[in-house]
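Here is the structure we will look at.
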Amino acid sequence: MQAINIKDKFDKFNKQWHPHRIATVDDNMVYLAKLSGDFVWHKHDEEDELFQVVKGTLIMKFRDNTVEVNPGELIVVPKGVEHCPSTKNGEEVHVLLFEKQSTKHTGELQTERTVSQYIDI
1 MQAINIKDKF DKFNKQWHPH RIATVDDNMV YLAKLSGDFV WHKHDEEDEL
51 FQVVKGTLIM KFRDNTVEVN PGELIVVPKG VEHCPSTKNG EEVHVLLFEK
101 QSTKHTGELQ TERTVSQYID I
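For the sequence shown, the positions run 1 to 121 when my numbering is used.
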């Protein structure tokens with residue numbers, strides 16, 4: 001057992017919108033991701049999703065409002081809620097994600113950005 005240095009883990013990859021697994025907690029996964037621009041509108045019918053911002057400002061769009069999430073803050077997207085993560089003006093945002101192992105990257109939506117195989121770092 002050892003501590004995980006999140007900054008060092010972020011330094012190991014550059015690909016945006018592609019979560020990298022850093023830990024497993026029971027049947028939950030902990031991922032790091034770098035984001036820039038807009039993602040795709042999607043939802044997860046059976047799973048909640050937690051985003052903690054490490055660097056930058058995450059813009060979480062919902063159909064009825066938008067929430068800015070700053071470094072040191074987190075947001076939980078409840079299951080079944082359509083959302084679209086994005087960033088301001090192409091800023092690169094670093095986030096820690098916590099979600100069930102069964103969570104599909106873009107829910108039931110399949111796009112060219114959908115990730116089906118996660119990389120362990």
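We treat Cβ as the ideally placed atom computed from N, Cα and C, and that holds for glycine.
In the DSSP assignment, the residues bridged to Glu49 are Val77 and Glu99. In this chain, the beta strand (DSSP E) harbouring Phe62 covers Leu58 to Phe62.
For Lys34, the enclosing beta strand (DSSP E) stretches over residues Asn28 to Leu35. Note on Thr66: under 16 other CB atoms within 10 angstroms of its CB, so exposed under the neighbour-count rule. Less than 8 Å separates the beta-carbon of Phe51 from that of Val69.
C-alpha of Val53 to C-alpha of Met29: approximately 16 Å in a straight line. Residue environment: Ile4 is assigned as exposed (fewer than 16 neighbouring CB atoms within 10 Å of its CB, all protein chains considered). Beta-bridge analysis with DSSP links Gln16 to Lys34. In the structure shown, the three-state DSSP call for Lys88 is coil. For Lys7, the three-state secondary structure derived from DSSP is helix. The criterion of a C-beta distance shorter than 8 Å is not satisfied by Pro71 and Leu35.
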